[in-house]
Amino acid sequence: MVQDIKLSMTSSKVNWPSVIRNFRMSKRLKQAALAADLGVTQAMISRWENGDSEPPERIKRRMAELVQDAFVIAPAPTWVDLVSLNPSIEFVTDSMGMIKAISLGALDLFGIKRNEIEGRNIRNFLGGDFSAALEQLRAEGMFQNNLAFAQSIGTLEVNVSAGMQSLLCDFIHWPRISEARTVYCIHSGATLDEKRYAARLEERGDKVVVRRTF
């Protein structure tokens, strides 16, 4: 639930130096940048933050709007959040096969809960041709960012507490570099019937096809 934050412009309790300074720091703005937004000089921002003078009513109204927006606008979702919310089959692994994130669609298909699989090795849950494809991606340099993307097609053997199942799947795999410069691989796929599987395998000529970055 989002709650509105009301800032009274006329209240004597409003500490305008603190409001202006804290807002600017929370947004990582320099005084010059905030001054440009408010249509004033940097010297005026400095005076208001130091408490040497009080901002005029126009500035108080604008600051109230800025502070209000800062509280009610939700942060943009990260790419990991988007993977987790994906209704299709998608998950993220690191170079060791540890699962960083898995989609709602994959959880439903595999019959497993998120806390049972995230943070654990994918080899404990998935096998078949998919497992062999992962090893080939590692050998081809996926986690050294040597591949633009890869495609794999074949069996996906799912081994979870709900039981075992074998599926025919088509996957696309591509690297994603985190803010910490760690290379992850996103695996996005769909299930196939035997007819569609045979047609795609014949079209590609191999179960794993890679596209290099150079």
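Counted the way our numbering counts, the sequence shown spans residues 1182 to 1395. Where is the CB? At the ideal position from N, CA and C, for every residue including glycine.
query, result
"Just list the beta strand (DSSP E) runs in the segment 1324-1381, keeping only unbroken ones of 3 residues or longer that don't cross its boundaries, in chain order.", "1328-1341, 1344-1358 and 1364-1372"
"By how many angstroms is the C-alpha of Ile-1293 removed from the C-alpha of Val-1195?", "51 angstroms"
"Compare the Cα-Cα distances from Glu-1230 to each of Phe-1306, Asn-1302, Trp-1197 and Leu-1373 and report the closest residue.", "Trp-1197"
"Look up Gly-1308 in the DSSP assignment and give the residues it is bridged to.", "Glu-1338"
"Report all residues from its chain with a CB closer than 8 angstroms to the CB of Leu-1288; omit the five preceding and five following residues, and keep chain order.", "Lys-1294, Arg-1295 and Ile-1298"
"Have a look at Asn-1340 and Ile-1283 and give me their C-alpha separation to the nearest angstrom.", "16 angstroms"
"Report the option in Thr-1222, Val-1273, Ile-1240 and Asp-1374 whose CA atom is closest to the CA atom of Val-1364.", "Val-1273"
"Look at the Cβ atom of Leu-1382, then the Cβ atom of Ile-1334, and state whether they are nearer than 7 angstroms.", "yes"
"Should Val-1389 and Ala-1320 be called a contact, given that it needs their Cβ atoms to be closer than 7 angstroms?", "no"
"Between Lys-1281 and Gly-1300, what straight-line distance do the alpha-carbon atoms span, to the nearest angstrom?", "6 angstroms"
"Let me confirm a value: Pro-1237 is counted as buried when at least 16 other C-beta atoms fall within 10 Å, else exposed. Which label applies?", "exposed"
"Roughly how many whole angstroms lie between the Cα atoms of Val-1253 and Leu-1318?", "With a pLDDT of 44 at Val-1253, under the threshold of 50, the modelled position of this residue cannot be trusted; read the value that follows with caution. Each residue's alpha carbon lies about 43 angstroms from the other."
"Roughly how many angstroms lie between the CA atoms of Asn-1305 and Ile-1358, to the nearest whole one?", "24 angstroms"
"To the nearest angstrom, how far is the alpha carbon of Glu-1338 from that of Ser-1347?", "4 angstroms"
"Where Cys-1366 and Phe-1324 are concerned, what is the direct C-alpha to C-alpha distance, given to the nearest angstrom?", "7 angstroms"
"Within its chain, find whatever has a CB closer than 6 angstroms to the CB of Gln-1332; leave out the 5 residues flanking it on each side and keep chain order.", "Ile-1353 and Val-1390"
"Using three-state DSSP, classify Lys-1241 as helix, strand or coil.", "helix"
"Report all residues from its chain with a CB closer than 6 angstroms to the CB of Phe-1311; omit the five preceding and five following residues, and keep chain order.", "Leu-1337"
"Tell me whether Asn-1160 sits in a helix, a strand or coil according to DSSP, three-state version.", "The shown model of the chain, from 1182 to 1395, leaves out residue 1160, and the question about it has no answer."
"Tell me whether Ile-1293 sits in a helix, a strand or coil according to DSSP, three-state version.", "coil"
"Thinking C-beta only, is Ala-1214 closer than 7 angstroms to Gln-1223?", "no"
"Would you call Asp-1351 buried or exposed, if buried means 16 or more other Cβ atoms sit within 10 Å of its Cβ?", "buried"
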